[in-house]
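Protein chains in written order, with the numbering used here: chain A, 1 to 306; chain B, 307 to 716.
What follows is the structure, encoded as structure tokens:
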């Protein structure tokens, strides 16, 4: 493998990891923007999405659906996993966040953390402690650029994640609900006075954010080939670092932060001992919070906050 | 039966069905209907009980029974509350002291674990309960204590007692290291950063093979020793007694726990403790009233870390072994659960919660797997239904019920 192909390979890895972190970070950023609270259960929602993906995929494989209708399979897998996690997100919001909207911050955080522990252990009990293998549906077919092997699976995942981000941006900027979300994020009291249903807006946010996380979960499963009940933890911290780095509350910021964190991680693994790569992310997180807590795109783009 | 309640019941049941059936029903490749529907059925049953409870309450039966029994209940409770706390504490101390004489080795071991977690809970209570700084990486300080004793003992042969003060200082330094960059942060940022810090410590212990032997852990630390005078035929001799037996270790831990309770209690009522509470309530106001917030926040971290460090050293000495997997994030969550369920800021609450959360799962061993599931749910439920905890701290109770204007619907 020569230099050029190595660089391309690493670039693909970086874009992939970056889009995963971006998708998860978007969920954080949206929820934070609207209720000023970090959704601690987000990592578990991401894992739940990955598990539902496995379940749907395995079921479809058994009835031989995958061979005959490949595109429909993909739609089903992503659709059902996103829908399930959207439901789960709403349920969590209703049980753990809604009653505490007026309570102290500490209470809300602890309740969210409790939900996160509950979900992660629930998944451990229902899906087992060991790694679950993801059915490989893409195979190894692909093409080569300068000796760098790129599979169709990788291309699909990257394209889909970019598509999701663009759709989200359009939704938030142009649709009526998106406008309601932005208004609620900026000033809840004023938004309510203007007739926006705050509860409904928050519910929708808790559907969209987790659904994006679920899509990321399925992608991670497909890319790495296995899923574990506690994998959400590490992705959660990294995506959080991404959201902070980009400026929490800002949608372009989350994407930018995700790409940077993904890039840093891939660079680090390529040239330095990879067992320290998680430590690097944490150090980046702490440094960003210390030096510039508002993030790269924080403060001055407050009108695009969601 | 109110119609809206019934409608809610149906909607909740269906919703939970959607959530539970796929996740629980597919542990492998096939749908296990029995397992999925049993669990769903159980939860729907609980919901039905809730509906029943609501209906009965609406019909007014509770109020009637309450008026019949309340005089009796009140007199009993009044008598109970009038008992001086002194006696309760004395009784508790005696019970804890004679416990190992009645228990077998396994139960003593559980007792030691309980005491360890109580001290950890009390230490975290300083940070979370008094100063109001949410720390999700608290177990890292426990790890620091365990590893500093292990390394000092293995490399330099320093005894347990001598390494305690060194461990406390190292723990406090680590407390300040995490405290300093987070001084300006608020609740949730702080939580994530401390969580990340806890993981950094664990990863460093796991990856730094040369110093910590990585995941294999360190082995062969000496137990704590006591020296006592003995009168033998040749006159006075100093005998070195190594605390090997579980009984001895239990009493050592008991002493550590009692000292911790006294220390935390005195801190709570001191000038520093009141300053911490002031910071928790309103940092800006505290700063303006002349409270040196920076120093006090660092001090809270350092104090909390010091307590964890002591127990960590004890833990490493007790097992003569330590490895990074003892210090995973879930451990931090357990300690936080103890603080939260007991009542944030309340010392008796933390003690009670420590006993309940550590001892009860040991008694019901067959439900061991469901322990964290229940903890998580209890934590969320506690925050929604009774944020002041099992035994609320007096100050905290007043404060929470003042701000709690809108009570949750269900």
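C-beta atoms are modelled at their ideal positions from N, C-alpha and C, and glycine is treated no differently.
All values derive from a computational prediction rather than experimental measurement.
- Here residue 400/B is exposed, its C-beta having fewer than 16 other C-beta atoms within 10 Å.
- Only buried fits residue 14/A, as 16 or more other CB atoms lie within 10 angstroms of its CB.
- Apart from the 5 residues on each side of it in sequence, residue 17/A sits with its Cβ closer than 7 Å to the Cβ of 262, 265, 266 in its chain, given in chain order.
- Within the same chain, 183, 184 come within 6 Å of residue 191/A by CB-CB distance, once the 5 residues on both sides are set aside.
- Per DSSP, residue 544/B is not a residue of any alpha helix (DSSP H); the beta strand (DSSP E) it occupies stretches across 541-548.
- With a threshold of 9 Å between beta carbons, residue 95/A makes contact with chain B.
- Around residue 668/B, no beta-carbon contact reaches into chain A at under 7 Å, the shortest distance being about 18 Å.
- By the neighbour-count criterion, in which a residue is buried when 16 or more other Cβ atoms sit within 10 angstroms of its Cβ, residue 441/B is buried.
- In the three-state reduction of the DSSP assignment, residue 185/A falls in the helix class, which pools H, G and I.
- Considered as a whole, the stretch 59-125 of chain A harbours 65-68, 70-92 as its complete alpha helix (DSSP H) runs of no fewer than 4 residues, in chain order.
- Excluding sequence positions up to five before and after residue 107/A, its CB lies within less than 7 Å of the CB of 100, all in the same chain and listed in chain order.
- Counting only Cβ-Cβ distances below 8 Å, residue 607/B has no contacts in chain A at all, with the closest Cβ about 14 Å away.
- When DSSP states are grouped into helix, strand and coil, residue 500/B belongs to the helix group.
- Here residue 282/A is near residue 503/B, since their CB atoms are less than 9 Å apart.
- Legend: CB atoms of the stretch 101-119 of chain A lying less than 9 Å from CB atoms of chain B belong to residues 101, 102, 103, 104, 105, 106, 107, 108, 109, 110, 111, 112, 113, 114, 115, 116, 117, 118, 119.
- Taking 9 Å as the cut-off, the Cβ atoms of residue 21/A and residue 277/A do not count as close.
- By the Cβ-count criterion, residue 19/A is buried, with 16 or more other Cβ atoms from all chains shown falling within 10 Å of its own Cβ.
- Along the stretch 257-289 of chain A, the positions whose C-beta sits under 9 Å from a C-beta of chain B are 273, 275, 276, 278, 279, 281, 282, 283, 285, 286, 287, 289, read in chain order.
- Membership of residue 534/B in the beta strand (DSSP E) is indicated by the continuous run 531-538.
- The straight-line gap separating the alpha-carbon atoms of residue 338/B and residue 673/B is approximately 21 Å.
- Here residue 624/B is buried, its C-beta having at least 16 other C-beta atoms within 10 Å.
- Counted as a single uninterrupted DSSP element, the beta strand (DSSP E) harbouring residue 143/A occupies residues 142-145.
- One finds nothing in chain B with a Cβ atom closer than 9 Å to the Cβ of residue 89/A; even the nearest lies about 11 Å away.
- The alpha-carbon separation between residue 112/A and residue 474/B amounts to approximately 32 Å.
- In this structure, the straight-line span from the alpha carbon of residue 128/A to that of residue 453/B is close to 32 Å.
- For residue 149/A, the enclosing beta strand (DSSP E) has its first and last residue at 148-151.
- Per the Cβ contact rule, the stretch 642-650 of chain B is not in contact with the stretch 476-486 of chain B (fewer than 3 Cβ pairs under 8 Å).
- Excluding five sequence positions before and after residue 633/B, the CB atoms of its chain that fall closer than 6 Å to its own CB belong to 445, 449, 508, given in chain order.
- With contact defined as three or more Cβ pairs closer than 8 Å, the stretch 193-211 of chain A and the stretch 79-87 of chain A are in contact.
- Residues of the stretch 132-144 of chain A with a C-beta atom less than 8 Å from some C-beta of chain B do not occur.
- The alpha helix (DSSP H) runs of length 4 or more contained entirely in the stretch 612-656 of chain B are, from start to end of the chain, 635-648.
- In the DSSP assignment, residue 488/B falls outside any alpha helix (DSSP H), carrying neither H nor E.
- Look at residue 518/B: its C-beta is not under 9 Å from any C-beta on chain A.
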